[in-house]
Amino acid sequence: MSEPQPGKPQKHAQTYLSLPGEERVRVLISQFASTIDRADDQEWTKPLFPYLVLQSVKPDGPHPSVTFKFTVQPQHCNRLNNLHGGCTASLFDFCTSTVLAAVARPGYWSYLGVSRSLNTTYLRPAPVGSEVLIECEIVQIGQRLCSLRGTMRRADDGALVATCEHGKVNTDPEVPKV
C-alpha cells in the first residue's frame, strides 16, 4: 500500500517552516498566488489574489502582524458598486490567517488552522477602483485556539471600512515526542 500524498496544508508547511518569520508569509502568499491559472485548484479566494499585495510583515513582538493592499474590482462589488460584504469577509478570512505563518512550527499552527468564528462589522463603503489596506494581527494564540483581528481602511483617506474578529482552531497533527 502506498503512502498517502500530503494535502495542501502539509505542502505549504513543508515549504515555509524552515524560513524566518517574514519570509514565511511572503512564500505562503506566493504559493497561493501561483494557483491562479490552475483549473484543478479550487481555492475559494483565488480570484482575489491578482489584486491583493502584501505590504508588510512584522513577525516579532506580542502581536505579530501583516498588512495587505487590495484594489476593489467590479467583480468584488455589490449592486451599488461597493465592495461586497461576502468579499470583505473572505478577504479577512484569508489575510488574518496568513499572520499565523510567522509564528508557526511543526504541531503549532503550521497548517494555519480552520475558522471557528469570523465576526465582521461593516462601517463604510469601499467603492470600485478604490484601494484598501487590510491590517491583521494576532491578539492571542495558544496550542489549540487563537484570536486574530483585522481592520480594513481606505488607502486614500484612512477611513475605517470594516473590522473583524477571527477565531481559529489548530488542525496540525501532534508532533511525535522524541
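If you count the sequence shown from 1, position 175 lands on 175 in the UniProt record's numbering, and the numbers rise without skipping. For glycine and all other residues, C-beta sits at the position ideal for the given N, C-alpha and C.
Can you give me the C-alpha to C-alpha distance between Gly107 and Asn81, rounded to a whole angstrom? 43 Å
Buried/exposed call for Phe72, threshold 16 Cβ in 10 Å: The question names Phe, yet the displayed sequence has Val at residue 72. Val72 is buried by the Cβ-count criterion.
Taking Cβ positions, are Tyr16 and Ala101 nearer each other than 7 Å? yes
Cα-Cα separation, Cys136 to Gly167: 13 Å
Please state the DSSP three-state secondary structure of Tyr111. coil
Please report the distance separating the alpha-carbon of Arg144 from that of Ser117. 14 Å
Alpha carbon of Gly113 to alpha carbon of Thr121, nearest angstrom: 22 Å
Excluding sequence positions up to five away, which residues of its chain have a Cβ less than 7 Å from the Cβ of Thr171? Tyr111, Gly113, Val114
What span of residues does the alpha helix (DSSP H) with Ile36 cover, start to end? No alpha helix (DSSP H) contains Ile36, which DSSP labels as neither H nor E.
Can Ser97 and Thr45 be called in contact, C-beta distance under 7 Å? no
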